[in-house]
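A short worksheet on the structure shown next.
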Amino acid sequence: MASPPHLPPARLTPEQRRAAERRLAEVLGGHLGTALRIRLGRSRTQPVQTRREGELWEVRLHEAFATAEPDALEALAGWLRSGRRARKASRALDAWLEDHVWSLPSARRRVAAGTPRGEVHDLEALASDLWSGFLEGGLDDDRRPTLEWGPRRASRSRGGLRLGSWDQATNRVRLHPVLDSGEVPAWFVRAVLVHELLHALHPPIRDARGHWRPHHARFQAAERRWPDHERARAYERANIRALVRRARALGPSPEAP
Ligand SMILES: [Zn+2]
7 MASPPHLPPA
17 RLTPEQRRAA
27 ERRLAEVLGG
37 HLGTALRIRL
47 GRSRTQPVQT
57 RREGELWEVR
67 LHEAFATAEP
77 DALEALAGWL
87 RSGRRARKAS
97 RALDAWLEDH
107 VWSLPSARRR
117 VAAGTPRGEV
127 HDLEALASDL
137 WSGFLEGGLD
147 DDRRPTLEWG
157 PRRASRSRGG
167 LRLGSWDQAT
177 NRVRLHPVLD
187 SGEVPAWFVR
197 AVLVHELLHA
207 LHPPIRDARG
217 HWRPHHARFQ
227 AAERRWPDHE
237 RARAYERANI
247 RALVRRARAL
257 GPSPEAP
């Protein structure tokens, strides 16, 4: 396949995206002889993801596939059918991804504040098994908080840093973007998530003097049951100054051109 210097694809309008998803579902479904649902997204690290929902295959693709040539789609279909066993298709697909996705000028994934998906840590993924495990029976689906990263902007704080928050009114858990870093281990991000989700599970109570107490006895007892709780407190103590420093230097993510 030729590899001209590629410009990043223009952002698709919602209509263009839906039309491209339909067309790709038709073409790939034709190759594979099965019904597919296509979702176009912007993940560069996982430009092709598949999952089966009963009879239906859902395939998430980088939106560069919206303008992929027929031979690239054929390679993709070969890979979907047989994975790495389809050697020729795999090589062709890798080459296509290299030219059209991995080599796009902005090396960093575009990350929108207000979504659970960070540059490094995906909050939905980190929380995914909590509701069937540690927090099981805690909250019905429709009462579970939405998860999001806070906006990337420099913090003015010199002292403490609010690593996470739960907003009772909007039922939203928000984590500080300084945690969305390869230097911060996933287990720690998860411990911060657990802390905030426990706030949703055990909302603040009013003490005898009328003060709201978020970290009341039941909350603390629940949090102590989290296996990484002590380790997370120690990590926070050891790293909070470095986190504050990094938060002060945070700037917005470079926009995708
Ligand atoms: Zn708290």
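If you're matching positions, the sequence shown starts at 7 in this note's numbering and goes up one per residue.
Here a beta-carbon is modelled for each residue, glycine too, at the ideal position from N, C-alpha and C.
Note that the structure is predicted; figures quoted are calculated from it, not measured.
For residue i, I'd like the list of residues in its chain whose CB is within less than 6 Å of its CB, leaving aside the five on either flank, ordered along the chain.
| i | result |
| --- | --- |
| Ser161 | Ala253 and Arg254 |
| Trp193 | Asp234 |
| Trp232 | Val200 |
| Arg196 | Leu132 |
| Val33 | Leu79 |
Quick one: Cα of residue i to Cα of residue j, how far?
| i | j | result |
| --- | --- | --- |
| Ser187 | Glu229 | 24 Å |
| Arg23 | Arg48 | 12 Å |
| Ala72 | Asp100 | 17 Å |
| Arg237 | Pro191 | 12 Å |
| Val107 | Arg224 | 49 Å |
| Ser9 | Gly139 | Model confidence at Ser9 stands at a pLDDT of 39, short of 50, so the residue's coordinates are unreliable and nothing is read from them. |
| Glu154 | His205 | 16 Å |
| Glu202 | Ser171 | 6 Å |
| Asn245 | Val179 | 22 Å |
| Arg158 | Gln55 | 27 Å |
| Leu256 | Thr51 | 23 Å |
| His222 | Arg29 | 55 Å |
| Ile211 | Arg247 | 31 Å |
| Asp105 | Ala98 | 11 Å |
| Asp146 | Ala240 | 32 Å |
| Asp128 | Leu82 | 26 Å |
| Trp85 | Asp173 | 44 Å |
Can you tell me whether residue i sits near ligand 1, meaning its C-beta is under 6 Å from at least one heavy atom of the ligand?
| i | result |
| --- | --- |
| Pro220 | yes |
Looking at residue i and ligand 3, is the gap between the Cβ and the nearest heavy atom below 6 Å?
| i | result |
| --- | --- |
| Leu136 | This structure lacks ligand 3; its bound ligands are ligand 1. |
Leaving aside the five residues before and after residue i along the sequence, list all residues of the same chain whose C-beta is less than 8 Å from its C-beta, in chain order.
| i | result |
| --- | --- |
| Leu18 | Ala26, Leu46, Glu69 and Ala72 |
| Arg219 | Pro210, Ile211, Arg212 and Asp213 |
| Arg164 | Val250 and Arg254 |
Give every residue of the same chain whose Cβ lies closer than 7 Å to the Cβ of residue i, excluding the five residues on either side of it in the sequence, and list them in chain order.
| i | result |
| --- | --- |
| Arg168 | His182 |
| Gly156 | Ala119, Arg180, Leu181, His182 and Pro183 |
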